[in-house]
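In what follows, a structure is listed as structure tokens, so that the remarks can point back to it.
Protein chains in written order, with our numbering: chain A, 116 to 472; chain U, 415 to 1489.
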């Protein structure tokens, strides 16, 4: 005797958090049943495998029906078919839009297009995240991206408003959108050590300081693109390394201030010009899309790797960067103090965050 | 032209994309009522159109208002081709037609399409202006209230319970009309939906007329069903109990009698509809009161009866019902004088017949009438207590005589109620049932209801005669059902034979004039003291003559009062009376049975079925009895036996709630007897089984906390030496027409119930007895309203429907394998429910309602609807709870108890003061502080939600809450069909989505009426048909319930705390008593 039809419908929709997680993780019903059996639930509840199978199927069917609504979370709040308490609605949405660290690192900065979608197979194999789950996460990214890409106002705010995500998750999505839009390269081997947290941190600072929204809160694409004018202006910083006197003066100011305070002072002194040239050149090249994409690669190559090879402690890096940015204010011949600050404040925080093993 | 229906289409949202090119929709709306149609403008290119239409006005007579549904169709405008329908909304405007229900229907309704399901929502406002035409009530039955609830609804009290009303209408099924060959499935489904909606309206109106004829104002326990007879037609039939109900206005009812009229006036806007003008019929409008009070013309005797019921609905008269109530039956002719109190009541009615009697009655007169009635009560009670001493014999006879006279005038003294006002139920005889097998293709005139009317009349007659055989005049907990397979139809009716207190049954007898409401007065109880009082055992006492019993029975003296005789087991179809004393907890008991039957045609088929029926009933009862014994219990409540007919089998499913009644003797065990005592190993096997059974009984007793005090035999007196009885059930098949009296299986043993094992079948039976596993710890289940032994409910409830369809794989089935399969199906279903709801532990599944159908040859469909309610398991929970929560919980459960068990409270304290307000007040005062906490906690959660929560429950109440208003009956019928079954997730996906949609539509309608819950919800039909090969499926669902507004008890406390304690005290008690 087989059950052709087996359903359970509650006036309040039952949501089993554990099954929801298994569903989100892309397990088939059978795999999910297997995992639940292993969790010891049968012993705890005295249920049979058949009961578990039926229960899992039922939850999967519910989630499947809810998925359409989860694509536009405000609909989930207004719909009448599933009566779900608000706290549960929030949980459903938050979990649905949550993503795996391993997965996001793979697609961060990539174009969210069909081509990438085909690569999901490989990503799935590489990260161990099931293909189904990869698809959901990828589609979430794409959906959020499409909705907020051309919207006015704060990026994270827009995401939160249209997808009803928590503050934290909305900010993460803002980073994903920002990376995807600017196509920052994050996949290179030397960038592998960077976590999503590191990159999201950088993205947030860049959104705050380097986008048109940083100066005018009423422009289109205010948080998604980098401020073209700003990038153009950054060329002016080139004088800091092109003018030999200025470079020397800058170096001496920094060295004087840091003498005796750095454990790696000799190395710093020897490397100052290289490092400074690296940082300033990155700035001046940002007008080219290609160089924008390579921003993180450049930061690692031009600054982090040299410091790391000389075994600078993090604190020394902090002292150096603080002094390095601050000293420019004492350079009388340099007129772009505000520009320098807008560039360097962000860059310094990014570099410090990125400086780890 | 008695009414103007006004409809406004406000907006739509989440509409489907109808134009692929633009991904948008150009929507407009057609509003149709009767033959009139209005249209809105087209709102171009939007999925969220804002029509904001004018008010569409339909001028219609009230007959149409009752019959017709309002039909709203949303369409997509297409310039070049025909407009595409997006979907429809049917709105039943009936709730707007009676006064205390809803005044406006306004809200978001799901737009429903029978092929696509819900497609967006539409915001609609509907109002009805009824003209101030008093004759209205005579033309149609607009004023009659309908309730699905099978007890007196919580905010009303019964003045008179008139009795049975039934009606049946027939029409051609659109699915079987010739036109169906050429129209689309959608058109066919919609025709069917509309037809059933129309027929329901007509049926309700006709029943309403009958109620008015009986001088009632409401139908309680209204149960409407439809029979899909196929070729021969579509039948919609309904039964119910006509009552005269009196509204207990939550605060006004409790005002002290001496309040000046001016003060009462102030209270009116507080409780009643703040906008009474919209309803001229509103009882609270002063205008109406006047009209009636000055025209108590005798010539309109019927009208005057409806007028006084209306009068009594006014808050003003509510506080002291006696005053106005007395003239309730001014037409009651025979105040058969003789006893002193009657004279007084005559006097009373005389005084009340003077023109001032209405709401403007002077306090003096009112008080006078009160004091009169008190005297009257004293006299009555004196009489009652006098007779109480004498074994109650003469009194009983008198009582019976009175009841008889009240009931004999009725064709069918049936009551669909399952719970009764205190004192209503005097004795319970046992279950009576009748079944009849009919051939649908033999109906001479299929389009007319006569044949079916005759069928049902025949069955009802049988029920009535069975009840008589049990020495009972009435049948309570009465219900009817059908099972149809092809051209064969089994009609079934069952109920509980009972003796009722005549006090509630009007009809020109003494009781009509005697104040029925006095039920809560001491006097009433002293009248009933004879046996009701001591321990609530009265209803167990046998109503039949012990020397002339209709069947062999085993009687003992009642274990509570030790005066009257009681049977050893009691089967009933009603809920456990509130005053019944029970030991331990109850549990769900089911008997399940399949019988194979040869496929046959027409007559032969009907004969085969008729021949099988008695055996099935017999076996079902044996199973029930065995399982009851196994649980160590002695009574069944809420018994419902369903016999389902299929192509090649019959299924029987009986569900009931077993309890241990203190009044009945302790059940003996089950003893197994083998037939071949010589075989050693067999003997061993038997003894092994016996041990297992004994262990199970012991375990069950522990599980359900059944530990009755041991009573030495001598005290009770030895059991009356009578042949042992198997069950208190009389049944018959009308085909065979002879009554099957229970077989006597007694083995000479006094206590133990003997099971003979003489073949493998019997062995199987014993095995199957033992395979039923008890629910996991923390779970209880019952099929009655409330679980005997649990009353500390907390507020979490979860109503659900679960459906399973099983295919029988084995072609050469035997009865045994079939039984096992069916048993497993039900058991697994229950196990699944326990598992799914495990997060609610400790909890109880209440009102578990199983329905079996056989949609195809090898398919068995089981549908379950129930509600899971959490309760507070004191010891376990308290340790982990904070102090605040604890006190909160206790407060709410205490209040719940007050509400649920009114009688207990008043019987406790009736000696001096009828009720002890101290308890109620202290509860209310206990936690104003925690109250605040609670509200704070819950408030933000509610604010976040954009869609109001609507609770649904099959019960008549909501734990921890008080129902403040009944908004009207919800009765909805939906069809859903698909031609892309696989794409919609197969049969499970299809039906899951459909049921979720049905819930959503019910909730939306309730919310639009201004309600926040549906009580007495029932899914009456869920007909599912599939054709996987064609990728098609179709499902029909019929649901009903009562839309209500409830207020959390915690919130009520705040309201009542604001009032002076003085007025609050009677308030609480009054409310409780009346339930």
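Ideal placement from N, C-alpha and C gives every residue a C-beta, glycine not left out. None of these values were measured; they are calculated from a predicted model.
One Cα belongs to residue 574(U), the other to residue 994(U), and the distance between them is close to 23 Å.
Between residue 411(A) and residue 299(A), the beta carbon gap of about 6 Å places them in contact (Cβ cut-off 8 Å). In the three-state reduction of the DSSP assignment, residue 529(U) falls in the coil class, being assigned neither a helical nor a strand state. A distance of 9 Å or more separates the beta carbons of residue 157(A) and residue 147(A). Approximately 4 Å separates the beta-carbon atoms of residue 576(U) and residue 656(U); this is inside 8 Å, confirming the contact.
Rounded to whole angstroms, the Cβ separation of residue 953(U) and residue 844(U) is 12 Å, and the two are not in contact under 8 Å. With respect to chain A, the C-beta atom of residue 522(U) has a partner C-beta closer than 9 Å.
Closest in C-alpha terms to residue 452(U), from the list 463(U), 469(U), 458(U), comes 469(U). Within the stretch 1186–1220 of chain U, the residues whose Cβ lies closer than 8 Å to some Cβ of chain A are 1190, 1212, 1213, 1214, 1215, 1216, 1217, 1218, 1219, 1220, listed in chain order.
Below the 8 Å Cβ cutoff, chain A contributes 119 as neighbours of residue 1273(U), in chain order.
DSSP, read as helix, strand or coil, puts residue 440(U) in coil. Around residue 176(A), the beta-carbon contacts reaching into chain U at under 7 Å are 1399, 1402, 1403, 1406.
Residue 428(U): not part of any beta strand (DSSP E); DSSP gives it neither H nor E. Between residue 827(U) and residue 880(U), the C-beta spacing is not below 9 Å. Excluding its 5 nearest sequence neighbours in each direction, residue 621(U) has C-beta neighbours in its own chain below 7 Å: 579, 581, 633, 652, 654, listed in chain order. At a beta-carbon threshold of 7 Å, none of the residues of chain A lie near residue 1385(U); the nearest stands roughly 18 Å away.
Beyond the five residues adjoining it in sequence on each side, residue 390(A) comes within less than 7 Å, by CB distance, of 418, 421 in the same chain, given in chain order. Judged by pairs of C-beta atoms under 8 Å, the stretch 526–544 of chain U does not touch the stretch 1430–1441 of chain U, as fewer than three such pairs exist. Assigned with DSSP and collapsed to three states, residue 471(A) falls in coil, not helix or strand. In this structure, DSSP gives residue 1433(U) an extended state, which the three-state scheme calls strand. The shortest C-alpha to C-alpha distance from residue 518(U) to any of 1098(U), 503(U), 543(U), 499(U) is the one to 543(U).
Rounded to whole angstroms, the gap between the alpha carbons of residue 644(U) and residue 140(A) is 48 Å. Listed along chain A are 198, each with a C-beta nearer than 7 Å to that of residue 1363(U).
The shortest CA-to-CA distance from residue 423(A) to any of 460(A), 437(A), 466(A), 397(A) is the one to 466(A). The alpha-carbon separation between residue 161(A) and residue 1248(U) amounts to approximately 10 Å. Interface annotation, residue 194(A): in contact with chain U, CB-CB separation under 9 Å. The beta carbon of residue 179(A) sits closer than 9 Å to some beta carbon of chain U. Not flagged as an interface residue toward chain A: residue 1116(U), since no C-beta distance is shorter than 9 Å. Taking a cut-off of 8 Å for Cβ pairs, the stretch 1190–1210 of chain U and the stretch 1048–1057 of chain U touch, as three or more such pairs fall below it. With respect to the 9 Å criterion, residue 293(A) and residue 309(A) are not classified as neighbours on the basis of their beta carbons.
Bridge partners of residue 657(U) according to DSSP: 575(U), 632(U).
Between residue 399(A) and residue 352(A), the C-beta spacing is below 9 Å. Not a single C-beta of chain U is nearer than 9 Å to the C-beta of residue 238(A).
Secondary structure at residue 1261(U): strand, using DSSP grouped into helix, strand and coil. For residue 1068(U), the beta-bridge partners assigned by DSSP are 1005(U), 1055(U).
Where residue 1242(U) is concerned, the enclosing alpha helix (DSSP H) starts and stops at 1229–1250.
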